[in-house]
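Protein chains in written order, with the working numbering: chain A, 41 to 388; chain B, 5 to 331. Quick reminder that beta carbons are idealized off the backbone N, C-alpha and C, glycines included. Note sheet for the following structure.
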């Protein structure tokens with residue numbers, strides 16, 4: 041019996057009760073349909089306005105990151121890495137927002153710098169912000185995928201097989217947790233990163249792959265612990281015992297019986313981890329060890345800001361706000377999803 | 005006495021594990037640095053290095069020996085002579101470098117920890133005791149913003165608004181507590197220069213701890229023993245102090261120990277923004293200069309502090325919570 045039907049039959053009982061205590065017997069001609077697990081999750085999620093707003097913001101952000109940059113670049117007729125010496129005023133300071141400057145790429149015409157220039161090289165801050173969204177999101181999402189993949193595999197294997205496998209993996213997790221992570225991430229990024237920075241697969245910016253690898257190496261233990269503790273309790277449940285009695289192999293039990301129950305915590309933890317890695321990428325790029333110039337990312341933009349903070353302080357405002365709103369949206373989404381997956385949250 | 009025996013066993017096991025951790029972490033640090041493309045002898049000799057200089061430097065720095073031999077030498081020197089070696093970059097004793105930078109980081113971290121606990125404890129406890137009140141909702145908003153804003157950004161904004169625009173505090177620099185140097189010194193100047201770094205460092209942790217304390221206190225408030233205590237007529241402040249808080253704050257002690265231990269490895273971002281010459285800055289420049297001994301020195305210090313704090317917290321936990329002792 042599929043899990044979906046099992047849940048539906050429980051909902052069927054509730055449906056029967058609501059018919060008996062409803063507006064009147066025989067009234068309401070449409071048949072009462074049992075709601076599936078995902079439908080209930082969606083209904084609870086829809087009720088949470090803040091989570092919905094965060095979801096919309098993230099969808100909007102993804103669209104901006106994917107196509108917004110190229111569209112804006114097309115309309116403004118220059119790219120995020122194009123240098124304009126006209127973007128720097130006589131005091132060698134970058135020009136402010138909404139400035140028209142002489143376009144050196146198309147002589148005789150003017151172009152608009154919507155948020156001004158990004159520094160002494162006179163690049164377009166607005167376009168760099170848009171393209172930076174793509175890079176920052178790439179790093180965060182790819183790191184999350186890597187971390188969750190390894191974490192889930194290790195967690196499920198450790199929790200399901202227990203014994204010496206669990207002891208082994210738990211020791212590895214403890215050792216990874218004891219590392220002064222930031223120090224080692226910086227060390228790895230600075231040393232091994234030199235070689236990895238040029239791997240771009242043609243689509244990523246320079247330094248993206250390095251960051252993703254480095255974050256994955258030191259971050260997988262977090263979901264692994266959560267998954268492991270969930271699996272430890274799940275494997276004692278009756279349906280696992282029943283599946284084993286029927287003769288299902290370990291792989292099949294892990295894949296088809298245990299994993300579906302892990303979807304809720306996995307989804308919630310993933311959104312929270314994405315938020316964390318957006319902050320981490322910004323921090324490392326700020327130190328100069330993450331994404332490499334001239335590829336823009338929000339951390340790279342933030343790194344350029346301190347040079348001008350006495351004179352052009354809004355340079356530190358834009359990337360900071362972008363990071364803040366994106367991280368806030370992912371955190372709120374994660375909290376909202378956690379409440380949606382928890383059937384008891386409807387009581388509050 | 006069985007209890008003493010089991011506590012002794014527990015301590016011995018923890019210490020053995022601590023040694024394993026220490027060895028693993030220092031080995032990994034060594035391994036990372038042997039993958040680097042740069043050659044320290046080259047760096048030590050400079051741009052136009054003669055083959056003679058390179059040969060001498062390689063021999064002096066011990067680079068011609070195999071990796072495991074270098075590591076063995078490092079380990080024996082550390083354990084027996086308590087010497088972290090000399091920097092590849094400027095031939096300074098790493099012991100001196102680390103011991104100069106450590107107090108700066110320690111003042112930042114310990115001061116910051118005090119600040120965040122002073123803020124997080126009352127707000128977390130009060131929010132949990134009055135759920136859904138205005139205080140609770142407001143503090144949750146601040147928690148969200150606190151965990152979503154980057155410490156770098158907070159530091160930049162604070163130093164711009166408070167330091168530059170309003171001129172209330174200095175923007176960068178560190179003043180020694182004990183030895184006044186040319187610019188400034190003494191406790192007052194020290195605290196004055198540390199105010200913004202403390203605030204920047206503690207925002208994120210304060211937010212995390214408010215959330216954790218609130219969740220723990222709410223969970224403890226719904227336990228049966230609290231209901232029983234109230235039913236037996238205990239005054240509310242006794243219920244809160246002896247029953248709720250005592251149980252809710254136990255995990256906070258563990259987290260606090262871990263976080264302080266980890267942060268002592270270098271609050272890198274805060275130190276960079278406020279130009280504090282602590283372990284974070286030291287390790288950053290050492291890494292960029294491929295200066296292995298200094299990096300190893302900071303790693304050793306950070307690892308030891310993490311291990312020591314975890315050990316202390318575990319022992320404290322065993323002392324405070326009888327269930328751990330008797331299990």
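Leaving out five residues on either side along the sequence, give the residues of the same chain with a beta carbon under 7 Å from the beta carbon of residue i.
i: residue 314 (chain A); result: 180, 181, 184, 370
i: residue 309 (chain A); result: 263, 266
i: residue 149 (chain A); result: 143
i: residue 229 (chain B); result: 247
In whole angstroms, what separates the C-alpha of residue i from that of residue j?
i: residue 212 (chain B); j: residue 128 (chain B); result: 10 Å
i: residue 94 (chain A); j: residue 287 (chain A); result: 45 Å
i: residue 247 (chain B); j: residue 131 (chain B); result: 17 Å
i: residue 210 (chain A); j: residue 164 (chain B); result: 45 Å
i: residue 16 (chain B); j: residue 258 (chain B); result: 19 Å
i: residue 325 (chain B); j: residue 210 (chain B); result: 25 Å
i: residue 27 (chain B); j: residue 266 (chain A); result: 27 Å
i: residue 237 (chain A); j: residue 324 (chain A); result: 14 Å
i: residue 384 (chain A); j: residue 277 (chain B); result: 45 Å
i: residue 278 (chain A); j: residue 77 (chain A); result: 20 Å
i: residue 86 (chain B); j: residue 307 (chain B); result: 15 Å
i: residue 292 (chain A); j: residue 283 (chain A); result: 9 Å
i: residue 106 (chain B); j: residue 284 (chain B); result: 9 Å
i: residue 196 (chain B); j: residue 108 (chain B); result: 14 Å
i: residue 87 (chain A); j: residue 212 (chain A); result: 41 Å
i: residue 30 (chain B); j: residue 169 (chain B); result: 45 Å
i: residue 31 (chain A); j: residue 336 (chain A); result: Any question about residue 31 (chain A) goes unanswered here, given that chain A covers just 41 to 388.
i: residue 348 (chain A); j: residue 292 (chain B); result: 24 Å
i: residue 138 (chain B); j: residue 218 (chain B); result: 15 Å
i: residue 9 (chain B); j: residue 75 (chain B); result: 36 Å
i: residue 315 (chain B); j: residue 19 (chain B); result: 8 Å
i: residue 134 (chain A); j: residue 193 (chain B); result: 36 Å
i: residue 104 (chain B); j: residue 128 (chain A); result: 42 Å
i: residue 134 (chain B); j: residue 242 (chain B); result: 17 Å
i: residue 290 (chain B); j: residue 214 (chain A); result: 27 Å
i: residue 147 (chain B); j: residue 96 (chain B); result: 44 Å
i: residue 286 (chain B); j: residue 34 (chain B); result: 18 Å
i: residue 125 (chain B); j: residue 220 (chain B); result: 12 Å
What are the start and end residues of the beta strand (DSSP E) that includes residue i?
i: residue 140 (chain A); result: 139-142
Could you give the first and the last residue of the continuous alpha helix (DSSP H) run that contains residue i?
i: residue 151 (chain A); result: That residue, residue 151 (chain A), is in no alpha helix (DSSP H); its beta strand (DSSP E) goes 150-153.
i: residue 337 (chain A); result: That residue, residue 337 (chain A), is in no alpha helix (DSSP H); it is neither H nor E in DSSP.
i: residue 99 (chain B); result: 98-133
i: residue 237 (chain A); result: Per DSSP, residue 237 (chain A) belongs to no alpha helix (DSSP H) and is neither H nor E.
i: residue 301 (chain A); result: 299-326
i: residue 140 (chain B); result: 138-152
i: residue 273 (chain B); result: 272-277
i: residue 71 (chain B); result: 71-85
i: residue 3 (chain A); result: Any answer about residue 3 (chain A) is impossible in this case: the structure gives chain A only from 41 up to 388.
i: residue 329 (chain A); result: Run containing residue 329 (chain A): none; DSSP gives neither H nor E here.
i: residue 82 (chain A); result: 77-87
i: residue 209 (chain B); result: 190-225
i: residue 291 (chain B); result: 283-292
i: residue 93 (chain B); result: Neither: residue 93 (chain B) is in no alpha helix (DSSP H) and is coded neither H nor E.
i: residue 229 (chain B); result: 228-235
By Cβ distance, which residues of its chain are closer than 6 Å to residue i, with the 5 residues on each side in sequence left out?
i: residue 119 (chain A); result: 113
i: residue 248 (chain A); result: 178, 179
i: residue 397 (chain A); result: Because chain A in this structure spans residues 41 to 388, residue 397 (chain A) falls outside the shown range and cannot be described.
i: residue 221 (chain A); result: 258
i: residue 123 (chain B); result: 210
Could you check how far apart the C-beta atoms of residue i and residue j are, in whole angstroms? I think they sit under 8 Å.
i: residue 199 (chain B); j: residue 273 (chain B); result: Going by Cβ atoms, the distance from residue 199 (chain B) to residue 273 (chain B) rounds to 17 Å, so no, they are not a contact pair.
i: residue 376 (chain A); j: residue 115 (chain A); result: That pair is no contact at about 35 Å.
i: residue 160 (chain A); j: residue 142 (chain A); result: Actually they do not touch by this definition, with Cβ atoms about 17 Å apart.
i: residue 190 (chain A); j: residue 260 (chain A); result: 4 Å
i: residue 364 (chain A); j: residue 169 (chain A); result: The pair is not a contact, with the Cβ atoms about 13 Å apart (cut-off 8 Å).
i: residue 233 (chain A); j: residue 250 (chain A); result: 4 Å
i: residue 373 (chain A); j: residue 98 (chain A); result: 6 Å
i: residue 270 (chain A); j: residue 302 (chain A); result: 6 Å
i: residue 12 (chain B); j: residue 116 (chain B); result: About 35 Å separates the two Cβ atoms, so there is no contact after all.
i: residue 254 (chain A); j: residue 229 (chain A); result: 5 Å
i: residue 252 (chain B); j: residue 224 (chain B); result: 4 Å
Quick one: residues in its chain with C-beta nearer than 8 Å to the C-beta of residue i, no 5 flanking neighbours on either side, listed in chain order?
i: residue 390 (chain A); result: Only positions 41 to 388 of chain A appear in this structure, which leaves residue 390 (chain A) out of reach.
i: residue 216 (chain B); result: 128, 255, 256, 259
Go through the region 146-214 of chain A residue by residue and report every complete run of the beta strand (DSSP E) that reaches 3 residues or more, in order.
150-153
Start-end ranges of the alpha helix (DSSP H) lying completely within the region 243-290 of chain A, minimum 4 residues:
248-259, 261-274, 278-286
What runs of the alpha helix (DSSP H), each 4 residues or longer, lie entirely inside the region 95-121 of chain A?
109-116
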